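>
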Amino acid sequence: MFQLLSNPTKFLRKLFYRFFFRIFSSFKNREKLARFMADNLETLLIAFLLAMFIRSYIIATFYIPSESMEDTLLVGDRLIGTRFDFLFRHPKKGEIVIFVYPVNPKIRLIKRMIGYPGDLIMVRDGILYINGQRQDEPYIKEKMSGWGKNFGPVRVPEDHYFVMGDNRNNSNDSRFWNLKGTMPFAGFWKDPDNVGFLPAENIESRPILRFWPINRFGVVQ
Numbered sequence: 002m003f004q005l006l007s008n009p010t011k012f013l014r015k016l017f018y019r020f021f022f023r024i025f026s027s028f029k030n031r032e033k034l035a036r037f038m039a040d041n042l043e044t045l046l047i048a049f050l051l052a053m054f055i056r057s058y059i060i061a062t063f064y065i066p067s068e069s070m071e072d073t074l075l076v077g078d079r080l081i082g083t084r085f086d087f088l089f090r091h092p093k094k095g096e097i098v099i100f101v102y103p104v105n106p107k108i109r110l111i112k113r114m115i116g117y118p119g120d121l122i123m124v125r126d127g128i129l130y131i132n133g134q135r136q137d138e139p140y141i142k143e144k145m146s147g148w149g150k151n152f153g154p155v156r157v158p159e160d161h162y163f164v165m166g167d168n169r170n171n172s173n174d175s176r177f178w179n180l181k182g183t184m185p186f187a188g189f190w191k192d193p194d195n196v197g198f199l200p201a202e203n204i205e206s207r208p209i210l211r212f213w214p215i216n217r218f219g220v221v222q
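Counting in my numbering, the sequence shown runs from 2 upward without gaps.
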């Protein structure tokens with residue numbers, strides 16, 4: 002039970018292997034095995050395609066590796082997400098999204114949706130403004146401080162979004178992604194190529210449920 006909750010993918014993979022090992026080991030010769038495969042090929046193929054469809058278009062899992070989304074999500078939280086939503090609509094502002102990191106496609110990140118294409122994003126004295134309107138953000142851990150408390154203004158380009166972590170003082174997000182590969186410096190955001198706008202095509206899923214640890218089981222908001 003512990004393995005199922007802490008790592009469901011690994012658990013189900015082992016269960017799958019054990020199931021088919023028992024089936025195959027029950028056949029004493031290849032002829033019987035071939036007959037079984039032929040008789041059940043359609044069922045096995047449908048099951049495989051259904052599993053691939055669910056994995057690719059409906060369900061995703063994610064592990065929280067850092068403090069960037071505290072206190073909403075904590076290190077070690079395991080989430081189930083839905084890929085289905087974004088097949089038919091755009092992410093809503095304030096929603097949490099899982100996406101492919103534009104700087105390194107091998108990495109997936111999780112942040113909160115802040116800005117849409119055309120939005121003017123600015124931070125002054127740790128307060129977020131979108132199109133000149135001060136934003137009420139009850140989910141952030143603490144007010145932005147340090148050299149990151151002033152940012153922008155920058156305008157989100159077409160087919161891109163602007164995302165930020167809830168732990169604004171400890172989050173690698175659109176404010177700091179360095180798409181040119183150089184070190185950030187004061188005023189680096191004045192060059193639009195240094196700002197980490199998120200391509201719409203990189204968004205994969207929306208987390209809906211935290212299933213681990215058990216004492217934090219619940220809906221993700």
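Where is the CB? At the ideal position from N, CA and C, for every residue including glycine. This one's a predicted model, so the numbers in the text were calculated from it and none came from an experiment.
1. Leaving out the 5 sequence neighbours to the left and right, which residues in its chain are closer than 8 Å to Ala61 when beta-carbon positions are compared?
2. Skipping 5 residues on each side, what residues in its chain have a beta carbon closer than 7 Å to that of Met70?
3. For Thr44, count neighbouring Cβ atoms within 10 angstroms of its own Cβ and tell me buried if that reaches 16, exposed if not.
4. Spell out a yes or no on whether the stretch 101-110 and the stretch 137-155 are touching, meaning 3 or more CB-CB pairs, one atom from each, closer than 8 Å.
5. Helix, strand or coil, according to DSSP, for Glu205 in the structure here?
6. In angstroms with no decimal places, state the Cα-to-Cα distance between Asp120 and Ile47.
7. Tell me which residue opens and which closes the beta strand (DSSP E) that Tyr130 is part of.
8. Given a cut-off of 7 Å, decide if Phe198 and Arg79 are closer than it, judged by their beta-carbon atoms.
9. Have a look at Ile215 and Pro208 and give me their C-alpha separation to the nearest angstrom.
10. Gly166 by DSSP, collapsed to three states: which one?
Checking against the coordinates, here is how it stands:
1. For Ala61, where only same-chain residues beyond five positions count, the Cβ hits under 8 Å are Ile81, Gly82, Thr83, Arg84, Ile99, Glu205 and Ser206.
2. Within the same chain, Met70 has close Cβ partners Ile111, Gly166, Asp167 and Asn168.
3. Answer is exposed; the Cβ neighbour count stays below 16.
4. No contact exists between the stretch 101-110 and the stretch 137-155.
5. If DSSP states are grouped into helix, strand and coil, Glu205 belongs with the strands.
6. Asp120 and Ile47 have their C-alpha atoms spaced approximately 45 Å apart.
7. Looking at the DSSP string, the run of the beta strand (DSSP E) that includes Tyr130 is Ile128 to Ile131.
8. For the 7 Å CB-CB criterion, Arg79 and Phe198 do not form a contact.
9. Whole-angstrom Cα-Cα distance: 17 Å.
10. Coil.
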